[in-house]
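S.K.: In the numbering used here, the protein residues as written are 9 to 499.
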């Protein structure tokens, strides 16, 4: 056999292999990879698709697949695209491929549901916690709450809750402002972040107000030094910003409140970036004019429904308030009258549980008489007792020590308890009343209710403000101290 044909065969095989290698090399160099790391998420403007850039890709094609039809909706050069032509509560399917010249990669598919973000309702603080509330979203299977400190910090996931839970209490504390927002969860799909609401967790919620000889004093815990603080006063539903002060301040005196009316205050921090916190707690009081005469009317031994409520009506009609020293054993029967006392802006003090003369009983009994009554007052009205009046005004050093509250007696005794006469009660009052006086009466007798009408009329005609015991002492600059006995703002 000749060797020439074999040589030709090897030459042909070599050429074929070379061509195959060249074709394979050309294909590898020219083909394009599919996109990777594809994600999709809800945003405020639509569904955003993202993927990792493919080396050598000229652009990317995005298609929307719906009801068996496919439509190309975009061609982009970057690794992201937002589809704005989407509707809430609908699901969408997309396919994406990379393109290089005439070469196109395989498709990558992804689906997601368009979801509406919840609306934040409120952020309020109490004690060492912040309670966040939001509105329900129909169809949600749960919610995810986020928190961040203001001024550029990143959102961090705080908690996940079920669809029936529309609030969360965060144990945030310290002098720091936090922002809160929430997302809707629907199966494996998550909405965009809601609107944010902010609150200073350690300061704004602790606003307190009191009358003083200089006006209404507002006080709070210290804010961060780079904050400013806005102070807002509300009277009859009308808000007015009355001051903007440094965040280093811890108090402010409102020298021109609406005297004789209920003034409500809130404060809020303004951060260095200009972001405003949510409002603080609302702190309210009736502003007492320190430059006018004032008297505190007090009523012991009640409540007693018909008499108490007649007195309350007189006070209400004349924009006046009084202090009721109540007996604990009567509160269950007359709790409605007690609640009205608080609702009308009156002050409620403790007059023991059984009208026991405290100088004649053991220390344990003294404590029980005061504690039981104070707890009932708190239960029915929400008021925390500030002062105690001992039955009969009987006070000694031991009572002062054991009671641990300021003790209040009186400077004007109308003797209504003995005369049972509206005329005699009024005459005794008129003969002894002075600026700063504390007047003793009892809301047990119909004659006292009648006398109250004459007393209130007289005080108004003669330029007196009719205030509670605490309002009187604060406006006169008298500092209440536990274990001390007070007869008036002057003694």
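Yeah, the Cβ is synthetic: ideal placement off N, Cα and C, and Gly gets one too.
Put residue 351 into one of helix, strand or coil per three-state DSSP.
M.R.: Position 343 of the chain shown, counting from 1, holds the residue named residue 351. Three-state result, residue 351: helix.
S.K.: Apply the 10 Å Cβ neighbour rule to residue 170 and answer buried if 16 or more other Cβ atoms are within range, or exposed otherwise.
M.R.: The count along the chain shown starts at 1 and reaches residue 170 at position 162. When all chains shown are included, residue 170 counts as exposed.
S.K.: May I ask you to report which of helix, strand or coil DSSP gives residue 276?
M.R.: Residue 276 sits at position 268 when you count from the first residue of the chain shown. Residue 276 falls in the strand class under three-state DSSP.
S.K.: Can you name, in chain order, every residue of its own chain whose Cβ lies under 8 Å from the Cβ of residue 168, other than the five neighbours on each side?
M.R.: On the chain shown, position 160 is the one that residue 168 refers to. Cβ within range, chain order: 150, 151, 152, 153 and 193.
S.K.: Using the three-state DSSP reduction, which class does residue 439 fall into: helix, strand or coil?
M.R.: Taking the chain shown and counting its residues from 1, one reaches residue 439 at position 431. Of the three classes helix, strand and coil, the one that applies to residue 439 here is helix, per DSSP.
S.K.: Quick one: grab the DSSP three-state call for residue 466.
M.R.: For this step, residue 466 is matched to residue 458 along the chain shown. Three-state result, residue 466: helix.
S.K.: With respect to the beta strand (DSSP E) encompassing residue 108, which residues constitute its N-terminal and C-terminal limits?
M.R.: The residue you call residue 108 lines up with position 100 of the chain shown. Element bounds for residue 108: 99 to 108.
S.K.: Candidates 258, 262 and 229: which alpha carbon is nearest residue 240's?
M.R.: Looking up residue 240 in the chain shown gives position 232. The residue with the shortest Cα to Cα distance from residue 240 is 262.
S.K.: Please confirm whether residue 279 and residue 185 have their CB atoms less than 8 Å apart.
M.R.: One-based indexing of the chain shown puts residue 279 at position 271. One-based indexing of the chain shown puts residue 185 at position 177. Contact flag set, yes.
S.K.: Would the beta-carbon of residue 307 fall within 8 Å of that of residue 342?
M.R.: Counted from its first residue, the chain shown places residue 307 at position 299. Counted from its first residue, the chain shown places residue 342 at position 334. The answer is no: Cβ separation not under 8 Å.
S.K.: Closest to residue 268 by C-alpha separation, out of 251, 290, 297 and 242, would be which residue?
M.R.: The residue labelled residue 268 in the question sits at position 260 within the chain shown. Out of 251, 290, 297 and 242, 297 has the C-alpha closest to the C-alpha of residue 268.
S.K.: Around the Cβ of residue 67, are there at least 16 other Cβ atoms within 10 angstroms (buried) or fewer (exposed)?
M.R.: Against the chain shown, residue 67 aligns to sequence position 59. Counting Cβ neighbours within 10 Å, residue 67 comes out exposed, since fewer than 16 surround it.
S.K.: Whole angstroms are fine: how far does the CA of residue 378 sit from the CA of residue 246?
M.R.: Residue numbering aside, residue 246 sits at position 238 when the chain shown is read from its first letter. Residue numbering aside, residue 378 sits at position 370 when the chain shown is read from its first letter. If I take the Cα positions, the gap works out to 40 Å.
S.K.: Can you tell me which of the three DSSP states residue 319 falls into?
M.R.: As a position in the chain shown, residue 319 is number 311, starting the count at 1. Note: residue 319 maps to helix in three-state DSSP.
S.K.: For a minimum of 3 consecutive residues, which ranges assigned as the beta strand (DSSP E) are wholly contained in the region 340 to 392?
M.R.: Whole beta strand (DSSP E) segments, 3+ residues: 355 to 358.
S.K.: Does the beta-carbon of residue 435, which I'm using as the reference point, lie nearer than 7 Å to any heavy atom of the ligand HEM?
M.R.: The ligand HEM is absent from the structure shown, which contains no ligands of any kind.
S.K.: With 16 other CB atoms within 10 Å as the buried threshold, where does residue 36 fall?
M.R.: By one-based count along the chain shown, residue 36 stands at place 28. The pLDDT assigned to residue 36 is 43, lower than 50, so where the model puts this residue is not dependable, and the model offers no usable value.
S.K.: By the three-class DSSP mapping on this structure, what secondary structure does residue 338 have?
M.R.: Mapped onto the chain shown, residue 338 falls at position 330. Residue 338: helix per DSSP, three-state reduction.
S.K.: Measure the beta-carbon distance from residue 90 to residue 54 and round it to whole angstroms, keeping in mind my assumption that it falls under 8 Å.
M.R.: Position 82 of the chain shown, counting from 1, holds the residue named residue 90. Position 46 of the chain shown, counting from 1, holds the residue named residue 54. Rounded, the Cβ-Cβ distance is 5 Å, consistent with contact.
S.K.: Count Cβ pairs between the region 362 to 380 and the region 311 to 330 that sit closer than 8 Å; are there 3 or more?
M.R.: The region 362 to 380 is not in contact with the region 311 to 330.
S.K.: Does the structure place the region 302 to 317 close enough to the region 471 to 487 that three or more beta carbon pairs sit under 8 Å?
M.R.: Enough Cβ pairs lie closer than 8 Å, so yes.
S.K.: Tell me whether residue 34 sits in a helix, a strand or coil according to DSSP, three-state version.
M.R.: Here residue 34 is taken as the residue at index 26 of the chain shown, counted from 1. In this predicted model, residue 34 has a pLDDT of only 42, less than 50, meaning its place in the structure is not dependable enough to derive any value.
S.K.: Using the C-alpha atoms, what's the distance from residue 142 back to residue 391?
M.R.: The residue you call residue 391 lines up with position 383 of the chain shown. The residue you call residue 142 lines up with position 134 of the chain shown. Whole-angstrom Cα-Cα distance: 29 Å.
S.K.: Using alpha carbons as the reference points, say which of 483, 387, 173 and 458 lies closest to residue 315.
M.R.: To locate residue 315, count along the chain shown from 1; it is residue 307. The shortest C-alpha separation from residue 315 is found at 458.
S.K.: Quick check: what's the CA-CA separation for residue 207 versus residue 138?
M.R.: For the purposes of this step, residue 207 is taken as the residue at position 199 of the chain shown. For the purposes of this step, residue 138 is taken as the residue at position 130 of the chain shown. Their backbone Cα atoms lie some 8 Å apart in a straight line.
S.K.: In three-state terms, what does DSSP make of residue 304?
M.R.: For the purposes of this step, residue 304 is taken as residue 296 along the chain shown, with counting starting at 1. If DSSP states are grouped into helix, strand and coil, residue 304 belongs with the strands.
S.K.: Comparing C-alpha positions only, which one of 99, 60, 387 and 128 sits nearest to residue 75?
M.R.: Counting from one through the chain shown, the residue named residue 75 turns up at place 67. Residue 75 has its Cα closest to that of 99, out of 99, 60, 387 and 128.
S.K.: State yes or no: is the C-beta of residue 188 within less than 8 Å of the C-beta of residue 205?
M.R.: The residue labelled residue 188 in the question sits at position 180 within the chain shown. The residue labelled residue 205 in the question sits at position 197 within the chain shown. Yes.
S.K.: List the endpoints of the continuous alpha helix (DSSP H) containing residue 480.
M.R.: For the purposes of this step, residue 480 is taken as the residue at position 472 of the chain shown. That run of the alpha helix (DSSP H) goes 477 to 484.
S.K.: Is residue 387 buried or exposed, if buried means 16 or more other CB atoms sit within 10 Å of its CB?
M.R.: Stepping through the chain shown from its first residue, residue 387 is reached at position 379. Classification for residue 387: exposed.
S.K.: Measuring straight from C-alpha to C-alpha, what distance separates residue 32 and residue 41?
M.R.: Here residue 32 is taken as the residue at index 24 of the chain shown, counted from 1. Here residue 41 is taken as the residue at index 33 of the chain shown, counted from 1. Reliability fails at residue 32, whose pLDDT of 46 lies under 50, so the model's placement of it is uncertain and the value that follows must be treated cautiously. Computed Cα separation, rounded: 16 Å.
S.K.: Alpha carbon to alpha carbon, how far is residue 1 from residue 397?
M.R.: Here the chain comprises residues numbered 9 to 499, so residue 1 is not present and cannot be evaluated.
S.K.: Helix, strand or coil: which one does DSSP assign to residue 64?
M.R.: In the chain shown, counting from the first residue as 1, residue 64 sits at position 56. Residue state, collapsed to three classes: coil.
S.K.: What does a CB cutoff of less than 8 Å around residue 258 pick up in its chain, not counting 5 residues either side in sequence?
M.R.: Locating residue 258 in the chain shown gives position 250, counting from the first residue. Counting only Cβ-Cβ distances below 8 Å, and skipping sequence neighbours, we find 227, 228, 229 and 230.
S.K.: Using 10 angstroms around the beta-carbon of residue 264, count the other beta-carbons present and answer buried if the total reaches 16, otherwise exposed.
M.R.: For the purposes of this step, residue 264 is taken as the residue at position 256 of the chain shown. Exposed, by the Cβ-count rule.
S.K.: Identify whether residue 434 lies in helix, strand or coil by the three-state DSSP scheme.
M.R.: If you number the chain shown from 1, residue 434 lands on position 426. The answer is helix: DSSP assigns residue 434 an H, G or I state.
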